[in-house]
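Enquirer: Mind having a look at this structure? Questions to follow.
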């Protein structure tokens, strides 16, 4: 499971605003976000399968995946983290939408793939039978493992109800407010904790993608966001901008 909260085109200073929780088995190994060697993106790493669940490119393209529930699992299919890696190599959200057109339902287990930049936003999902594509219009979008016909009656309605009440800074939901939203405890909050399964929220992200990538900001929490410290990671944004700055000189 994961929760992706995405604001598209609502705020001029942050045309793409993301708040996200990753929910996973506690024992599944992972590395914090970093610039990948030989790649044009920053992303955490799933150390078990070698892929990732989200990332941001030097072109300002953000990509994230959730699984989809309920679904049949096919162990012979590729890891969904591979799909994210491939998506992060696209030049833009619009270009990625075209690249995904031939994707078949049999390659990966069911998923929702969100991808957006300052101009466009889309979601592509596999329901187990077909692959679907949808443009995300201006506004708030909440994607969980039960979205897009998956009978989400929990976190998505909760976020939609709370969003207008969040404290703002310069007209944009404040970082502390978004962090608090991601940390809101179960059963009525966004955070997931299932002790019997050793499963729950493992890391969290707040990301503001600005019209100019260098003005974007990334905050990360490794571990449960209600028990661990958040840290801004300007080094990640800087690593994406270094080569761009050199190419413009």
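In the working numbering, the protein residues as written are 42 to 290.
C-beta: ideal position from N, C-alpha, C; glycine also.
Remember, it's a predicted structure, so these values are computed and weren't measured experimentally.
1) Tell me the DSSP secondary structure of residue 180 in three-state form.
2) Leaving out the 5 sequence neighbours to the left and right, which residues in its chain are closer than 6 Å to residue 176 when beta-carbon positions are compared?
3) Would you mind sorting residue 99 into buried or exposed? The rule is 16 or more other CB atoms within 10 Å of its CB.
4) Flag this pair as touching only if the region 126-138 and the region 70-88 have three or more C-beta atom pairs under 8 Å; answer yes or no.
5) Please report the residue range of the beta strand (DSSP E) in which residue 199 lies.
6) Below 8 Å, how does it come out for the region 256-274 and the region 221-231: are there three or more Cβ pairs, yes or no?
7) Grab the span of the beta strand (DSSP E) containing residue 145 for me, first residue to last.
8) Please look up how many angstroms separate the CB atoms of residue 67 and residue 239, rounded, as I've assumed it's under 8 Å.
9) Tell me the DSSP secondary structure of residue 50 in three-state form.
10) Pull up the distance between the alpha-carbon of residue 59 and that of residue 115, whole angstroms please.
11) So which of 274, 96 and 275 has the shortest CA-CA distance to residue 45?
12) So which of 272, 243 and 250 has the shortest CA-CA distance to residue 43?
13) Could you name the residues that DSSP lists as bridge partners for residue 241?
14) Excluding the 5 residues flanking residue 182 on each side, which residues of the same chain have their C-beta closer than 7 Å to its C-beta?
15) When burial is assigned at 16 or more other CB atoms within 10 Å of the CB, is residue 202 buried or exposed?
16) Looking only at its own chain, which residues have a Cβ that is under 8 Å from the Cβ of residue 119, when we skip the five neighbours before and after it?
17) For residue 156, tell me which candidate among 105, 228 and 212 has the shortest Cα-Cα distance.
18) Should residue 178 go down as buried or exposed, given a rule of 16 or more other Cβ atoms within 10 Å for buried?
19) Considering Cα atoms alone, identify which of 273, 184, 209 and 108 is closest to residue 54.
20) Taking the alpha carbon of residue 134 as the point to measure from, which residue in 121, 154 and 146 has its own alpha carbon closest?
21) Is the separation between the beta-carbon of residue 152 and that of residue 248 shorter than 8 Å?
22) Among 258, 142 and 277, which residue has its Cα nearest to the Cα of residue 216?
23) Compare the C-alpha of residue 160 against each of 168, 142, 137 and 121 and name the closest.
Expert: Per the coordinate set shown:
1) Correct three-state label for residue 180: strand.
2) Same-chain partners within the cutoff: 163.
3) Result: buried.
4) Taking 8 Å as the limit for Cβ pairs, the verdict is that the region 70-88 does touch the region 126-138.
5) The continuous stretches of beta strand (DSSP E) do not include residue 199, which lies in the alpha helix (DSSP H) extending over residues 196-203.
6) A contact exists between the region 256-274 and the region 221-231.
7) Run containing residue 145: none; DSSP gives neither H nor E here.
8) Approximately 4 Å separates the beta-carbon atoms of residue 67 and residue 239; this is inside 8 Å, confirming the contact.
9) Secondary structure of residue 50 (DSSP, three-state): strand.
10) The straight-line gap from Cα to Cα measures roughly 30 Å.
11) The candidate whose alpha carbon is nearest that of residue 45 is 96.
12) Among 272, 243 and 250, the Cα nearest to that of residue 43 is on 243.
13) In the DSSP assignment, the residues bridged to residue 241 are 65 and 234.
14) Cβ neighbours of residue 182 within its own chain (closer than 7 Å, five residues either side excluded): 47 and 49.
15) Residue 202 is exposed by the Cβ-count criterion.
16) Scanning its chain for C-beta atoms nearer than 8 Å, with the 5 sequence neighbours on each side dropped, one finds around residue 119 the residues 148 and 149, in chain order.
17) Taking only the C-alpha atoms, the option nearest residue 156 is 105.
18) By the neighbour-count rule (16 or more Cβ atoms within 10 Å), residue 178 is not buried but exposed.
19) Looking at the Cα atoms, 209 is the closest of the given residues.
20) Per the Cα distances, 154.
21) Cβ atoms of residue 152 and residue 248: not closer than 8 Å.
22) That would be 258, whose Cα lies nearest to the Cα of residue 216.
23) Residue 137 is the option with its Cα nearest to residue 160.
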